[in-house]
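One structure is given below, encoded as structure tokens.
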Amino acid sequence: MPELPEVETIANGLHKRVAGERIESVWVGNKPEPLKSSAAEIARTLEGARVDGVRRVGKHIVFDLQQGNRNGRGQTVSQWIVHLGMTGRMLVAAPDTEIPKHTHLIARLASGRELRFVDPRRFGRLEVRHSGFNGPGAEPLTISAEDFAHLFRKRAAPIKALLLNQSLLHGVGNIYADESLFRAGVRPRRRANTLTRTELARLHVAVREVLKEAIAAGGSSVSDYVDADGEEGLFQLQHRAYGREGQPCLVCKTKIKKIVVAGRGTHYCPRCQK
DNA sequence: ATACCGACCTGTCAGC
DNA sequence: TGCTGACAGGTCGGTA
Numbered sequence: 155m156p157e158l159p160e161v162e163t164i165a166n167g168l169h170k171r172v173a174g175e176r177i178e179s180v181w182v183g184n185k186p187e188p189l190k191s192s193a194a195e196i197a198r199t200l201e202g203a204r205v206d207g208v209r210r211v212g213k214h215i216v217f218d219l220q221q222g223n224r225n226g227r228g229q230t231v232s233q234w235i236v237h238l239g240m241t242g243r244m245l246v247a248a249p250d251t252e253i254p255k256h257t258h259l260i261a262r263l264a265s266g267r268e269l270r271f272v273d274p275r276r277f278g279r280l281e282v283r284h285s286g287f288n289g290p291g292a293e294p295l296t297i298s299a300e301d302f303a304h305l306f307r308k309r310a311a312p313i314k315a316l317l318l319n320q321s322l323l324h325g326v327g328n329i330y331a332d333e334s335l336f337r338a339g340v341r342p343r344r345r346a347n348t349l350t351r352t353e354l355a356r357l358h359v360a361v362r363e364v365l366k367e368a369i370a371a372g373g374s375s376v377s378d379y380v381d382a383d384g385e386e387g388l389f390q391l392q393h394r395a396y397g398r399e400g401q402p403c404l405v406c407k408t409k410i411k412k413i414v415v416a417g418r419g420t421h422y423c424p425r426c427q428k
């Protein structure tokens, strides 16, 4: 479900709510799919740790943890890394509230509240690490125009497939790939190595603008996305391509087309995008 | 090395 | 009402 803007919104909300909290105990469910580290290692790493902060890296939520006594030596730093997949949620809840179906982890906090990971489709992943995590690819919000162009210049795959490839650029998913290509005026099926310098430059700007505007709007709520406070995002109201098949292009009135690229539903304007 | 495609899961919705 | 199939914001592994 969530792409960079949604994960950023969620991570910021979680940071506000749980930074500085200590995790007292952890319950891990028995479904193996969400666990990239063993249940025992996750529990061992989280229990007793203090949450220094919560941030986003690519589409991952990173909880920076510190174990051990507050000021003494012997402190170790770890990270709890959460990927929400398509349907994952990370909720901060009062302990007496109903535990939703498909809850796979509960971290009980010193304040009495609980951090709950809920994921019906189990495409999400939970992992702990003991060394720095930088994500699989480059950060779209900070990459230079030159480095951005380098990622794509020599590749033969459709540009949309490469925008979705997290080991190149991490954070862009299906919605923001379509929205970025629309703004850049580039067709999703164009082979990346046929894009001109100008088109790559436009795409670089488009990706950053789309992501920044979406973050400002709190992300896109297409079906059920809500942030850490249970608020829906508003960026779906500003989509120009995604989900608009058959509707008139907002620029030229041509009907938006829907095709499949890289196995994903793909929306574009046949007139504005070349 | 690179690119495509099915598999992984559950929920929802359209169509019959 | 209830069934079936398609589809969904993501990624991985096998195959060509």
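Using my numbering, the letters of the first sequence correspond one by one to residues 155 to 428.
Heads up, the beta-carbon is just placed ideally off N, CA and C, and yes, glycines get one too.
Alpha-carbon to alpha-carbon, residue j and residue i
| i | j | result |
| --- | --- | --- |
| Ser375 | Ser192 | 32 Å |
| Ile177 | Phe389 | 33 Å |
| Gly372 | Glu160 | 7 Å |
| Leu354 | Phe302 | 8 Å |
| Thr352 | Asp250 | 56 Å |
| Gln233 | Arg210 | 12 Å |
| His258 | Asp378 | 19 Å |
| Gly325 | Arg171 | 23 Å |
| Lys366 | Ile253 | 34 Å |
| Glu268 | Gln427 | 47 Å |
| His256 | Lys407 | 43 Å |
| Glu175 | Gln401 | 48 Å |
| Gly183 | Ile260 | 9 Å |
| Gly242 | Ile369 | 19 Å |
Collapsed DSSP secondary structure at residue i in the structure displayed
| i | result |
| --- | --- |
| Glu195 | helix |
| Phe336 | helix |
| Arg341 | coil |
| Pro159 | helix |
| Tyr379 | coil |
| Leu295 | coil |
| Phe287 | coil |
| Lys170 | helix |
| Ala355 | helix |
| Val326 | coil |
| Glu281 | strand |
| Arg362 | helix |
| Leu200 | helix |
| His237 | strand |
| Ala165 | helix |
| Gln320 | coil |
| Leu388 | coil |
Beta-bridge pairing of residue i - partner residues as DSSP gives them
| i | result |
| --- | --- |
| Gln229 | Note: Gln229 sits in no beta bridge, so no partner. |
| Arg210 | Ile215 |
| Gly419 | Val414 |
| Lys409 | Pro402 |
| Val180 | Ala261 |
| Ala247 | Glu268 |
| Gln105 | The displayed coordinates of the chain run from 155 to 428. Any statement about residue 105 would go beyond what the structure contains. |
| Leu189 | Leu280 |
Cβ-based neighbour list, residue i, same chain, cut-off 6 Å, excluding 5 preceding and 5 following
| i | result |
| --- | --- |
| His214 | Ile235, His237 |
| Phe217 | Val205, Val208, Trp234 |
| Arg418 | Asn328 |
| Ala203 | Ile177, Leu219, Gln221 |
Residues near residue i by beta carbon distance below 7 Å, same chain, minus five either side
| i | result |
| --- | --- |
| Lys190 | Arg279, Leu280, Glu281 |
| Leu245 | Arg270, Val272 |
| Asp383 | Gly167 |
| Ala360 | Ser334, Arg337, Ala338 |
Cβ distance (whole Å) where residue i is taken to contact residue j below 8 Å
| i | j | result |
| --- | --- | --- |
| Ala311 | Ala346 | 6 Å |
| Ile297 | Leu349 | About 16 Å separates the two Cβ atoms, so there is no contact after all. |
| Leu357 | Ala338 | 4 Å |
| Gly239 | Arg283 | With a Cβ gap of about 18 Å, Gly239 and Arg283 do not count as contacting. |
Same chain, Cβ closer than 8 Å to residue i, five either side skipped, listed in chain order
| i | result |
| --- | --- |
| Tyr422 | Asp332, Leu335, Phe336, Arg341, Pro342, Ala395, Ile410, Lys411, Ile413 |
| Ala315 | Val415, Ala416 |
| Leu322 | Gly291, Ala292, Leu305, Phe306, Leu316 |
| Arg398 | Ile410, His421 |
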